[in-house]
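Every position in the sequence shown, counted from 1, becomes a number in the working numbering once 11 is added.
C-beta atoms are modelled at their ideal positions from N, C-alpha and C, and glycine is treated no differently.
Note that the structure is a prediction, hence the values are computed from the model and not measured.
Only one structure is covered here, and it is reproduced in the block below.
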Amino acid sequence: MVKDKKIRLSERVFNKLLDAFNTLSGYKGVEIYLFGSRTKENVRGGDIDLLVVVPADWDSSKRFKFKIDLLREIYKRLGERKVDVVMVSPDGKLYKEVIGESVKLWSC
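The structure is reproduced here in structure tokens:
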């Protein structure tokens, strides 16, 4: 995937995130989006907010395992950088509120 000009991540951080995401390609039906301050040109700094859209049929234990696996892989590559991961299903209220301001980074 090529870095979208609308996102405020360095090429290095963007590529490290993609590396982390790619280690999780065994999970199917997942999409990861960037949202929040890193999608706004006129805002400086900010943490990395990731919206992770998982299939509606995933139970809470599968969601939790994916989130832990994702955070571990990101930590291996980026260290203690502030990253927030929000897990949603496509039929959820939060998904509908946030998806319009989000930029898709990855899917499997």
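Nearest CA to the CA of residue i: which residue from the options?
i: V150; options: G47, E112 and V114; result: Nothing can be reported for residue 150: it is not among the residues displayed for the chain, which extend from 12 to 119.
i: G103; options: V63, S21, R19 and K51; result: V63
i: S36; options: M98, Y86 and L81; result: L81
i: V99; options: L20, W69, R83 and N53; result: W69
i: R49; options: S72, K27 and L20; result: L20
i: S118; options: G111, L61 and V24; result: L61
i: F32; options: I18, P101 and Y86; result: Y86
i: I43; options: E52, L89 and F25; result: F25
i: I79; options: R92, P66 and V96; result: V96
i: G56; options: V114, I18 and P101; result: I18
i: D58; options: R23, R92 and Y106; result: R92
i: N111; options: R23, K51 and T34; result: Here residue 111 turns out to be Gly, not Asn, going by the sequence shown. It is K51 whose Cα lies nearest to the Cα of G111.
i: Y106; options: N53, V54 and A67; result: A67
Taking DSSP's pairing of strands, which residues face residue i in a bridge?
i: L62; result: Y44 and V97
i: V114; result: L45
What distance in whole Å lies between the Cβ atoms of residue j and residue i, which are believed to be in contact at a cut-off of 8 Å?
i: F77; j: Y38; result: 6 Å
i: D30; j: R88; result: 6 Å
i: L45; j: V114; result: 5 Å
i: V65; j: G40; result: 7 Å
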